[in-house]
Amino acid sequence: LTLDGVTVTGNTGAEGAGVRVNGGDLVVRNSVISNNTSTTNGGGLHFTNAFLAIVEDSTIEGNTAANAGGGVFIGAGVASVAFDRCLIQGNSAFQTGGVRAIAGQNGITDSIISGNDATAAGGAGGYSQTADSLVVINTTFAGNGAEQRAQGQEVGPADILPRLAVDGQCHGVIAVGVR
Numbered sequence: 206l207t208l209d210g211v212t213v214t215g216n217t218g219a220e221g222a223g224v225r226v227n228g229g230d231l232v233v234r235n236s237v238i239s240n241n242t243s244t245t246n247g248g249g250l251h252f253t254n255a256f257l258a259i260v261e262d263s264t265i266e267g268n269t270a271a272n273a274g275g276g277v278f279i280g281a282g283v284a285s286v287a288f289d290r291c292l293i294q295g296n297s298a299f300q301t302g303g304v305r306a307i308a309g310q311n312g313i314t315d316s317i318i319s320g321n322d323a324t325a326a327g328g329a330g331g332y333s334q335t336a337d338s339l340v341v342i343n344t345t346f347a348g349n350g351a352e353q354r355a356q357g358q359e360v361g362p363a364d365i366l367p368r369l370a371v372d373g374q375c376h377g378v379i380a381v382g383v384r
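The sequence shown runs 206 to 384 under the numbering used here.
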């Protein structure tokens, strides 16, 4: 499935109120995923059992999830998700406001993850990863908020490349490369 130049906004649902992919591939290009509300995970985008997902030149903003991944939730069975030239901002969830990844070899390039909020003690505002790997290139994390944990990013097993800018204070521990 390819979404090119579309706006997905104002939806309410369980997993992936904006867009849900359960199996197959997805390309989101030149699109806006905004103001969607999930009663579980993935307010904007929700991936499970996907081989490859590419999100490029797109904005994911103002989405909400009751549990995790206000902007994006990357769930079980996902091989790889790549974010290129994306703005992920103003999303909120209980556990991770911006992007929550529990699977995949994921990458973020030339993007901005900002102004995302997690309300849970132990949440991560911008990005939380326990997946296989994460490569971040020329990406800014700024103004993300969390009650007691990593305001910018919390990652598990990860490969962080140069030019990662992190803004905000850490309440607890930001684990980069170690879980």
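Ideal Cβ placement from N, Cα and C applies to all residues, glycine included.
Values in this document were obtained by computation on a predicted structure and should not be read as measured data.
Paired residues, beta bridge with residue i - DSSP
i, result
"S239", "T214 and E266"
"D209", "R234"
"G229", "A255"
"G351", "Before going on, a small fix: residue 351 reads as Ala here, not Gly. Beta-bridge pairing links A351 to A323."
"T301", "A329"
"G312", "A287 and V340"
Range of the contiguous beta strand (DSSP E) that encloses residue i
i, result
"D289", "S285 to D289"
"I307", "Taken as a continuous stretch (DSSP letters only), I307 belongs to no beta strand (DSSP E), as it is neither H nor E."
"N254", "L250 to E261"
"Q294", "L292 to Q294"
"F278", "V277 to I279"
"Q334", "Y332 to Q334"
Residue environment, residue i, which counts as buried when at least 16 other CB atoms sit within 10 Å
i, result
"N241", "buried"
"L250", "buried"
"V360", "Residue placement at V360 is flagged as unreliable, the pLDDT there being 46, under the threshold of 50; a coordinate-derived value is accordingly withheld."
"D209", "exposed"
"V378", "A caution first: V378 carries a pLDDT of 27, below 50, which makes its placement in the model too unreliable to give a value."
"G229", "exposed"
"N246", "buried"
"F288", "buried"
"A336", "buried"
"A219", "exposed"
"T264", "buried"
"F278", "buried"
"L231", "buried"
"G221", "buried"
"V371", "Interpretation of V371 is limited by its pLDDT of 43, a score under 50 that renders its predicted location unreliable; the figure taken from the coordinates is listed afterwards. It is buried - the Cβ of V371 has at least 16 other Cβ atoms within 10 Å."
Cβ-Cβ separation, residue j to residue i (assumed contact under 8 Å), whole Å
i, j, result
"A308", "G280", "6 Å"
"T269", "G303", "That pair is no contact at about 12 Å."
"A316", "L339", "In the sequence on display, residue 316 carries Ser and not Ala. With a Cβ gap of about 13 Å, S316 and L339 do not count as contacting."
Residue i Cβ short of 7 Å to the ligand FMN heavy atom set
i, result
"Q334", "Annotation note on the ligand FMN: not contained in the displayed structure, which lists no ligands."
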